[in-house]
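What follows is one structure encoded as C-alpha cells, with my remarks underneath.
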Amino acid sequence: MSIPVYLVDDDAAVREALCLLLSTVGIHATGFASPQAFLQALPSLAPGCLVLDIRMPAISGLKLQEQLRAARVDWPTVVISGHGDIEACRRAFRNGALDFLSKPVDEQDLIDAVQKGQTALERVLAQTAERRETQALIAGLTPREREVLSLVASGFATREIAGALDVSPRTVESHRAAIGAKLGTTSPAEMTRLWIEAGRTP
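Numbered according to the UniProt record's numbering, the sequence shown spans residues 1 to 202.
This is the structure in C-alpha cells:
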C-alpha cells in the first residue's frame, strides 16, 4: 500500500525493530524518537497510519493522540504499551485508536492493525478526493443552474421549478440540459446525490 506509517517511540531499538518488521511486508514506516519530533515534521507529512508508544517523556502517546485529534488530524492510530492498563486502553479508544497492543508486540497483530488502518485511510482519502471533484463540478455551474439543481434535488418537477423561478418550463429544461452536460448525468437521482455529496442541502 502507498499509505505511509509513522512510528513514534522513544526506544530506538523498538523503533528500528518495528520499522524493519513492517518493511518485510512492504510497508514503509518512518520512526520518530519523540512526539515533539513528530509534531515538528507533521506539516510536511502525507496522511498516514500512526503507531504510538503510550509511555514517553514530556508528551505521552495518549497526550499526542489528544493533540492530534484537537488539530483534526484523524489518522488511523495503533497504540502500543508495555505498561497498558484498562484506563489507558479506554482513553486510547475514546480518542479514536484503531487498536491497542501490549509489548512485546505480536508481529502479526501489529501488521494486521497497520494494514487495517491503511485500508481505512485509503477509503477516506478516496472519498475526500471524490467530494472535492464533485464540489468543483458544482462550482462550475452558473448561479441560475445551481438554483435549478437545488430545486431538482428538493424533488421539484420542471413545471414546479418554472413556477418557483418565474420562467418558462422550456427555460428550465434548457438549464437542466446544461447541468446534465456539466455533471455528466441527466438523472434527477444522480444529480441529487452529487448536490448532497458536494455538501449542499436540498
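Built from N, CA and C at the ideal position, the CB exists for glycine as well.
Three-state class that DSSP yields for residue i in the structure shown
i, result
"T186", "coil"
"L7", "strand"
"A29", "strand"
"D99", "strand"
"S81", "strand"
"L45", "coil"
"V167", "coil"
"V73", "coil"
Beta-carbon separation (whole angstroms), residue i vs residue j, contact threshold 8 Å
i, j, result
"D10", "A46", "In fact, because the Cβ distance is near 24 Å, the residues do not count as touching under 8 Å."
"R146", "I138", "7 Å"
Nearest residue (CA-CA) to residue i, options the options
i, options, result
"V14", "I80, F38 and Q108", "I80"
"A41", "L21, E16 and L68", "L68"
"T24", "K63, T186, R123 and E107", "E107"
"M56", "A189, V8 and S102", "V8"
"E197", "S168, W75, A58 and S150", "S150"
"V152", "T134, L194 and R123", "L194"
"C19", "F156, A88, N95 and V105", "V105"
"S44", "Y6, I54 and A17", "Y6"
"A71", "L52, V51 and L39", "L39"
Beta carbon of residue i nearer than 9 Å to that of residue j
i, j, result
"Q65", "A37", "no"
"L22", "L110", "yes"
"A92", "L121", "no"
"V73", "F100", "no"
"residue 224", "P35", "Because the chain spans 1 through 202 in this model, residue 224 falls outside it and cannot be assessed."
"Q135", "I27", "no"
"A185", "A177", "Correcting the residue type first, residue 185 is Thr in the shown sequence and not Ala. No, these two residues do not count as a Cβ contact at 9 Å."
"P76", "K116", "yes"
"R200", "H175", "no"
"V167", "V114", "no"
Unbroken alpha helix (DSSP H) run spanning residue i, endpoints
i, result
"V148", "P143 to A153"
"V124", "E107 to A139"
"R55", "First-last for R55: undefined, no H or E at that position."
"R90", "I86 to R94"
"A17", "A12 to S23"
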